[in-house]
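Read in order, the letters of the sequence shown are residues 95 to 412 in this note's numbering.
Just below is one structure, and these are the notes that go with it.
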Amino acid sequence: MVEAKRAPPTRWTPVLFLAQQIINAATVACVYGLLALGYTLVYAILGQINLAMGELTMIGAMVTAIAGAGLGMAGWATWPPALLGVLVLVIGFTAVQGWTMDRLVFRRLRGVRGHTPLIVAVGLSIAYQEGVRLLHGARDWWPAPVLTQRFDLASDGAFTVTALTAQLAILALTGGLYAALWGIMRHTAFGRAHRACTDDIAAAELVGVDVNRTVAATFAIGGGLAAAAGAVIALYYGGVNFFTGYLIGFKALAAAVVGGIGSVPGAMLGGALLGLVETFWSAYFALAYKDIVAFGLLTLFLIFRPQGLLGQARGRGD
Numbered sequence: 095m096v097e098a099k100r101a102p103p104t105r106w107t108p109v110l111f112l113a114q115q116i117i118n119a120a121t122v123a124c125v126y127g128l129l130a131l132g133y134t135l136v137y138a139i140l141g142q143i144n145l146a147m148g149e150l151t152m153i154g155a156m157v158t159a160i161a162g163a164g165l166g167m168a169g170w171a172t173w174p175p176a177l178l179g180v181l182v183l184v185i186g187f188t189a190v191q192g193w194t195m196d197r198l199v200f201r202r203l204r205g206v207r208g209h210t211p212l213i214v215a216v217g218l219s220i221a222y223q224e225g226v227r228l229l230h231g232a233r234d235w236w237p238a239p240v241l242t243q244r245f246d247l248a249s250d251g252a253f254t255v256t257a258l259t260a261q262l263a264i265l266a267l268t269g270g271l272y273a274a275l276w277g278i279m280r281h282t283a284f285g286r287a288h289r290a291c292t293d294d295i296a297a298a299e300l301v302g303v304d305v306n307r308t309v310a311a312t313f314a315i316g317g318g319l320a321a322a323a324g325a326v327i328a329l330y331y332g333g334v335n336f337f338t339g340y341l342i343g344f345k346a347l348a349a350a351v352v353g354g355i356g357s358v359p360g361a362m363l364g365g366a367l368l369g370l371v372e373t374f375w376s377a378y379f380a381l382a383y384k385d386i387v388a389f390g391l392l393t394l395f396l397i398f399r400p401q402g403l404l405g406q407a408r409g410r411g412d
């Protein structure tokens, strides 16, 4: 069989290649943005960074991978309602993990100053990693690829811009979760309580806001968002193990800081920016330096604009 020759590049080929990288970056941005939202919601209300948030992503990814393997054995791995059911299960399970994390650990640290909450979060992160390693081993889990239908969007004969059904589903999922979060924060009693606690948690308690309940719900929502990011990692990228949440967690934290930690729109903006930087660097330069560039971007923001793109340059009075 004679292999068909590829058409020579045209003046549109670089433009199409650029468009393809933007599509690829959108998926990465969704992962970082969802997890960055979890970080920023907790920080906004407590002024603390929960470094164990990445491990909630790992748990979400592991549960998704295991459930996906079960669906594959049953022949339902590509059935959209089954995938949606797995997603609901994973988000609910990890939201309970987030609530439990606050109820058993962080609630006991209310009012504790210094680095104690941060050190506790590091210990909790390691405990989650080792617990999953002992329970499931150190092997990678590779769920069967899903939603792999490919759409050709544009072509000049030399290069074709494509998108997978999975990429479109990830964008729809992220957009839906962000819209739901916006609605919750703007139009529910929890949202009003969260904003009150963000402004002044002591004053909010004085006027009758149930601070413990609000913080626990915040941890639960953050856990659910982290789980959604983990589900995307498991189903789209694969290769899930007990260490999955470590680097992803720190990168999402970098995205939250770049966007302005404490700002919900800033978390999504930071995730989009970090996703674009990583994807474009991987496409045009050496892939091995991708993580250096990501954390280099964080370093630059911490030096020149520590409040982030949408954050407020102010100190905390608590």
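Glycine residues also receive a C-beta, built at the ideal position from the N, C-alpha and C atoms.
In its chain, beyond the 5 residues on either side, no residue has a beta carbon closer than 8 Å to the beta carbon of residue 390. In this chain, the alpha helix (DSSP H) harbouring residue 198 covers 174-198. Counted as a single uninterrupted DSSP element, the alpha helix (DSSP H) harbouring residue 219 occupies residues 210-230. Around the beta carbon of residue 330, a 10 Å sphere encloses 16 or more other beta carbons of the protein chains shown; the residue is thus reported as buried. Annotated as proximal: residue 131 and residue 361, with beta-carbon spacing under 8 Å. Contact between residue 321 and residue 237 is absent: CB atoms are separated by about 15 Å, not below the 8 Å threshold. Take residue 278, set aside five residues on each side of it, and the residues of its chain with a beta-carbon closer than 8 Å to its own are 284, 285 and 315, in chain order. Taking C-beta atoms as the reference points, residue 263 and residue 241 count as a pair closer than 8 Å. Short of 6 Å from the beta carbon of residue 138, and not among the five residues preceding or following it, lie these beta carbons of its own chain, in chain order: 292 and 356. Under the three-pair Cβ rule at 8 Å, the stretch 212-226 counts as touching the stretch 324-343. Take residue 104, set aside five residues on each side of it, and the residues of its chain with a beta-carbon closer than 8 Å to its own are 250, 251 and 252, in chain order.
Per DSSP, residue 121 is one residue of the alpha helix (DSSP H) stretching across 107-140. In this structure residue 303 touches residue 290 by the C-beta definition: roughly 5 Å separates them, less than 8 Å.
Beta-bridge pairing by DSSP links residue 235 to 334. Distance from residue 185 to residue 333 at the Cβ level is roughly 21 Å; contact not present, criterion being Cβ atoms closer than 8 Å.
Per DSSP, residue 280 lies in no beta strand (DSSP E); the unbroken alpha helix (DSSP H) holding it starts and ends at 259-281.
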